[in-house]
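These notes concern the structure reproduced below.
There are 2 protein chains.
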Amino acid sequence: MSAPRPEFARKSGSAGQRPRSRIQKRNRQIILDAALEVFSTHGFRGATLDQIALEAGLSKPNLLYYFDNKDTIHRDLLTQLLDTWLDPLRMLDPRGDPQTEIMAYMRRKLEMSRAYPRESRLFANEILQGAPRIEPFIRAELRPLVDAKAQLLTDWARAGRIAPIDPYHLIFSIWALTQHYADFAAQIGMIRGDGHDPLDGAEPFLEALYTRLLAP
Amino acid sequence: MSAPRPEFARKSGSAGQRPRSRIQKRNRQIILDAALEVFSTHGFRGATLDQIALEAGLSKPNLLYYFDNKDTIHRDLLTQLLDTWLDPLRMLDPRGDPQTEIMAYMRRKLEMSRAYPRESRLFANEILQGAPRIEPFIRAELRPLVDAKAQLLTDWARAGRIAPIDPYHLIFSIWALTQHYADFAAQIGMIRGDGHDPLDGAEPFLEALYTRLLAP
DNA sequence: GTCTATACTCTGATAGAC
DNA sequence: GTCTATCAGAGTATAGAC
Numbered sequence: 367m368s369a370p371r372p373e374f375a376r377k378s379g380s381a382g383q384r385p386r387s388r389i390q391k392r393n394r395q396i397i398l399d400a401a402l403e404v405f406s407t408h409g410f411r412g413a414t415l416d417q418i419a420l421e422a423g424l425s426k427p428n429l430l431y432y433f434d435n436k437d438t439i440h441r442d443l444l445t446q447l448l449d450t451w452l453d454p455l456r457m458l459d460p461r462g463d464p465q466t467e468i469m470a471y472m473r474r475k476l477e478m479s480r481a482y483p484r485e486s487r488l489f490a491n492e493i494l495q496g497a498p499r500i501e502p503f504i505r506a507e508l509r510p511l512v513d514a515k516a517q518l519l520t521d522w523a524r525a526g527r528i529a530p531i532d533p534y535h536l537i538f539s540i541w542a543l544t545q546h547y548a549d550f551a552a553q554i555g556m557i558r559g560d561g562h563d564p565l566d567g568a569e570p571f572l573e574a575l576y577t578r579l580l581a582p
Numbered sequence: 367m368s369a370p371r372p373e374f375a376r377k378s379g380s381a382g383q384r385p386r387s388r389i390q391k392r393n394r395q396i397i398l399d400a401a402l403e404v405f406s407t408h409g410f411r412g413a414t415l416d417q418i419a420l421e422a423g424l425s426k427p428n429l430l431y432y433f434d435n436k437d438t439i440h441r442d443l444l445t446q447l448l449d450t451w452l453d454p455l456r457m458l459d460p461r462g463d464p465q466t467e468i469m470a471y472m473r474r475k476l477e478m479s480r481a482y483p484r485e486s487r488l489f490a491n492e493i494l495q496g497a498p499r500i501e502p503f504i505r506a507e508l509r510p511l512v513d514a515k516a517q518l519l520t521d522w523a524r525a526g527r528i529a530p531i532d533p534y535h536l537i538f539s540i541w542a543l544t545q546h547y548a549d550f551a552a553q554i555g556m557i558r559g560d561g562h563d564p565l566d567g568a569e570p571f572l573e574a575l576y577t578r579l580l581a582p
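Order-wise, the sequence lines are chains A and B.
Position in the first sequence counted from 1, then plus 366, gives you the numbering used here.
Position in the second sequence counted from 1, then plus 366, gives you the numbering used here.
Structure follows, in structure tokens:
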């Protein structure tokens, strides 16, 4: 059904990787791609192995030859996702120019929504369900990172280099505004006309918005 | 499980309402409330009648005495929701002061996220799934409304009464920023600490944001 | 109106032939 | 590695007693 897309940034070095043949790797990737399509639209419980197998062009038992069970597939997808999900925020550089840095962060997030809308929806689905599977990650990884960057934003504001705004809401606003174009793409498409690229015009708008918001 | 909450604005006059006894109405409302809880977290396919029945404190057959099937419950919830969902935007008044009107619209949307987070998540789930059940509504009701209000915003911008910004992205930004506090409440709670109200500080932040964005 | 029992389908997962 | 056959359990829905 779905055309193969560039693999979502996979870093080497995750634990427990057994050696796999070329065909193994290839089929696992086909399955993960199909699973991403299904999980990102229907959530974990709403997705079925039948649907994933159909999407992948494999039989259900064959699919379960490559992955132990439904949960493992979903976990692997989330692991791949989270590995990359925080990179844009991590790159916010204390040594850079504040407004340039924040603007660049916003652009990186917007680019993720453009390149990886399904990953964004997978994440959105997980949060809507109360984040049962990634709660540990959010508490252990995301929260400290956000706290650190919020401190940085506060410092910048204190120094008069950006306007004095709540740093947490600033970060949330970037998440909300950029991810919206991926998560609510269906709605935007129906409103703007179906041939229309949902992200058309988004970047200039967000640039204007944050330019005006951040000016000291 | 969940405490009964104020009923989401229900307008009278929808079609096909048979006369119902007091106990009928009461139980239907209990079921709808339980169903809202479950559908808004797991989506249509991820929700089960068992879970809804448990949440409602009724047996499954009893639940199906009040509603023909799973689909009917979901449809009734969406119908109630959509009935009210567009009101904040409808109220955007051409005769009012542009900045005041847009700010008031933002506040109404934020208030909906505060008062009806589950309804917001129900809507988000439906859109994530590609809006299969509300596509007709979006095309027939939402789209023309947005087009009309976008025209109004354009007129205001042409008259120099607000900054010249893309009206569609302006509307999307209000949706994204306000609904985010309901849809991603789980994440925000884990980041800001669980005792914390997710919406704390949101209104001043959004006021500052739109004040700066809209100033001509 | 509400319950127990049950029919029937879907879904996740396994066995075993090839 | 891939398939057919199959199972156990969950899930939707109905029958029928009370």
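Idealized CB from N, CA, C, for every residue including glycine.
Computed from a prediction, not measured in an experiment: that's the story for all the values here.
Exposure label - S406 (chain A); buried when at least 16 CB within 10 Å: Here the question's residue 406 (chain A) lines up with position 40 in the first sequence. Flag for S406 (chain A) reads buried.
Does any residue of chain B bring its CB to less than 7 angstroms from the CB of L543 (chain A)? Walking along the first sequence from the start, residue 543 (chain A) turns up at place 177. Closer than 7 angstroms: yes.
Between the stretch 491-504 of chain A and the stretch 556-563 of chain A, do at least 3 Cβ pairs fall closer than 8 angstroms? no
Over the uninterrupted alpha helix (DSSP H) stretch that includes N491 (chain B), give me the two end residues. Walking along the second sequence from the start, residue 491 (chain B) turns up at place 125. Element bounds for N491 (chain B): P483 to L494.
Return the chain-ordered ranges of every alpha helix (DSSP H) run that is complete within the stretch 415-454 of chain A and spans a minimum of 4 residues. Qualifying alpha helix (DSSP H) stretches, in chain order: 415-422, 426-432 and 436-451.
Does the structure place the stretch 441-455 of chain B close enough to the stretch 516-528 of chain B that three or more beta carbon pairs sit under 8 angstroms? no
Please compile the residues from chain A whose C-beta is within a distance smaller than 9 angstroms of the C-beta of I504 (chain B). As a first step, residue 504 (chain B) is located in the second sequence; it is residue number 138 there, counting from the start. By Cβ distance, chain A contributes A552, Q553, M556 and I557.
Which residues bound the alpha helix (DSSP H) around L458 (chain B)? Taking the first residue of the second sequence as 1, we reach residue 458 (chain B) at position 92. No alpha helix (DSSP H) contains L458 (chain B), which DSSP labels as neither H nor E.
Distance, L508 (chain B) Cα to P464 (chain A) Cα: Taking the first sequence and counting its residues from 1, one reaches residue 464 (chain A) at position 98. Taking the second sequence and counting its residues from 1, one reaches residue 508 (chain B) at position 142. If I take the Cα positions, the gap works out to 39 angstroms.
CA-to-CA distance, L575 (chain B) to T544 (chain B), given in whole angstroms: Position 178 of the second sequence holds residue 544 (chain B). Position 209 of the second sequence holds residue 575 (chain B). Each residue's Cα considered, the two are about 12 angstroms apart.
Would the stretch 422-432 of chain B count as touching the stretch 390-410 of chain B if we require 3 or more Cβ pairs under 8 angstroms? yes
Cβ neighbours of Y432 (chain A) in the same chain (closer than 8 angstroms, five flanking residues each side left out): Within the first sequence, numbered from 1, the residue matching residue 432 (chain A) stands at position 66. Correct list, in chain order: Q390, N393, R394 and I397.
Comparing alpha-carbon positions, which option in B:I468, B:Y534, B:R456 and B:A419 lies nearest L511 (chain B)? Numbered from its first residue, the second sequence carries residue 511 (chain B) at position 145. Here the closest residue by C-alpha is B:R456.
Contact defined as beta carbons within less than 8 angstroms: I believe A523 (chain B) pairs with A514 (chain B). What is the distance between those atoms, to the nearest angstrom? Walking along the second sequence from the start, residue 523 (chain B) turns up at place 157. Walking along the second sequence from the start, residue 514 (chain B) turns up at place 148. Wrong, their Cβ atoms sit about 15 angstroms apart, outside the cutoff.
How is G409 (chain A) classed by DSSP in three states: helix, strand or coil? In the first sequence, the residue the question calls residue 409 (chain A) occupies position 43. Reduced to three states, the DSSP call for G409 (chain A) is helix.
Quick check on H562 (chain B): does DSSP put it in helix, strand or coil? Here residue 562 (chain B) refers to the residue found at position 196 when the second sequence is read from its first residue. Three-state DSSP puts H562 (chain B) in coil, outside helix and strand.
Using CA coordinates, which residue listed in A:E569, A:P498 and A:N491 is at the minimum distance from V404 (chain A)? For this step, residue 404 (chain A) is matched to residue 38 along the first sequence. Closest by alpha carbon: A:N491.
Short-range partners of chain B found in the stretch 419-451 of chain A, where Cβ spacing is below 7 angstroms: none
Between S486 (chain B) and chain A, is there a C-beta pair that is closer than 7 angstroms? Within the second sequence, numbered from 1, the residue matching residue 486 (chain B) stands at position 120. Output row for S486 (chain B): interface = no.
Below 8 angstroms on the Cβ atoms is my contact criterion, and I expect L579 (chain B) with R480 (chain A) to pass it. Report the Cβ-Cβ distance as a whole number of Å. Sequence index remark: in the second sequence, residue 579 (chain B) carries index 213 (1-based). Sequence index remark: in the first sequence, residue 480 (chain A) carries index 114 (1-based). The pair is not a contact, with the Cβ atoms about 22 angstroms apart (cut-off 8 angstroms).
Is there a C-beta anywhere in chain A that falls below 7 angstroms from the one on A497 (chain B)? Residue 497 (chain B) sits at position 131 when you count from the first residue of the second sequence. Interface residue, yes.
Below 9 angstroms between beta carbons is the criterion; list the residues of the stretch 390-421 of chain B that meet it against any residue of chain A, in chain order. Residues passing the 9 angstroms Cβ filter: S406, T407, H408, G409, F410, R411, G412, A413 and T414.
Contact defined as beta carbons within less than 8 angstroms: I believe D532 (chain B) pairs with G555 (chain A). What is the distance between those atoms, to the nearest angstrom? Looking up residue 532 (chain B) in the second sequence gives position 166. Looking up residue 555 (chain A) in the first sequence gives position 189. Contact annotation, D532 (chain B) with G555 (chain A): C-beta distance approximately 17 angstroms; criterion of less than 8 angstroms not satisfied.
Under 7 angstroms between beta-carbons, which chain A residues line up against D453 (chain B)? List them in chain order, please. If you number the second sequence from 1, residue 453 (chain B) lands on position 87. The contacting residues do not exist; D453 (chain B) stays about 17 angstroms from chain A at best.
What residues of chain A sit near I531 (chain B), judged by a beta carbon separation below 7 angstroms? What you label residue 531 (chain B) is simply residue 165 of the second sequence in a count that begins at 1. Within 7 angstroms Cβ-Cβ: F571 and A574.
So, using beta-carbon positions, are F571 (chain A) and H535 (chain B) closer together than 7 angstroms? On the first sequence, residue 571 (chain A) is found 205 positions in, with the first residue counted as 1. On the second sequence, residue 535 (chain B) is found 169 positions in, with the first residue counted as 1. A contact, by the Cβ cut-off of 7 angstroms.
Are any of the Cβ atoms in chain B nearer than 7 angstroms to that of R461 (chain A)? Sequence index remark: in the first sequence, residue 461 (chain A) carries index 95 (1-based). Answer no: the Cβ-Cβ gap between R461 (chain A) and chain B never drops below 7 angstroms.
S368 (chain A) at chain B interface by Cβ criterion, 7 angstroms: Translated into positions along the first sequence, residue 368 (chain A) becomes position 2. Interpretation of S368 (chain A) is limited by its pLDDT of 45, a score under 50 that renders its predicted location unreliable; the figure taken from the coordinates is listed afterwards. S368 (chain A) does not count as touching chain B.
Boundaries (first-last residue) of the alpha helix (DSSP H) holding F571 (chain B): Taking the second sequence and counting its residues from 1, one reaches residue 571 (chain B) at position 205. Annotation: the continuous alpha helix (DSSP H) that includes F571 (chain B) extends over A568 to L580.
Please state whether the Cβ-Cβ distance between F374 (chain B) and E485 (chain B) is less than 7 angstroms. As a first step, residue 374 (chain B) must be located in the second sequence, where it is residue number 8. As a first step, residue 485 (chain B) must be located in the second sequence, where it is residue number 119. The Cβ atoms of F374 (chain B) and E485 (chain B) sit closer than 7 angstroms to each other.
Thinking C-beta only, is I418 (chain B) closer than 7 angstroms to A552 (chain A)? As a working note, residue 552 (chain A) is residue 186 in the first sequence. As a working note, residue 418 (chain B) is residue 52 in the second sequence. The criterion of a C-beta distance shorter than 7 angstroms is not satisfied by A552 (chain A) and I418 (chain B).
Mind checking which residues open and close the alpha helix (DSSP H) that includes R509 (chain A)? Position 143 of the first sequence holds residue 509 (chain A). Looking at the DSSP string, the run of the alpha helix (DSSP H) that includes R509 (chain A) is R509 to R524.
Nearest CA to the CA of S547 (chain A): which residue from A:A525, A:G526, A:L415 and A:R473? The residue given as residue 547 (chain A) occupies position 181 in the first sequence. The question names Ser, but residue 547 (chain A) is Tyr in the sequence shown. Closest option to Y547 (chain A), Cα to Cα, is A:R473.
In whole angstroms, what is the alpha-carbon distance linking G496 (chain B) and A525 (chain A)? Residue numbering aside, residue 496 (chain B) sits at position 130 when the second sequence is read from its first letter. Residue numbering aside, residue 525 (chain A) sits at position 159 when the first sequence is read from its first letter. Roughly 45 angstroms between the two C-alpha positions.
Inter-residue Cα distance where the pair is I468 (chain B) and R386 (chain B): Here residue 468 (chain B) is taken as the residue at index 102 of the second sequence, counted from 1. Here residue 386 (chain B) is taken as the residue at index 20 of the second sequence, counted from 1. Their Cα atoms are separated by approximately 41 angstroms.
Spatial neighbours of I537 (chain B) in its chain, beta-carbon cut-off 8 angstroms, leaving aside the 5 residues before and after: If you number the second sequence from 1, residue 537 (chain B) lands on position 171. Only L455, V512, K515, A516 and L519 meet the Cβ criterion.
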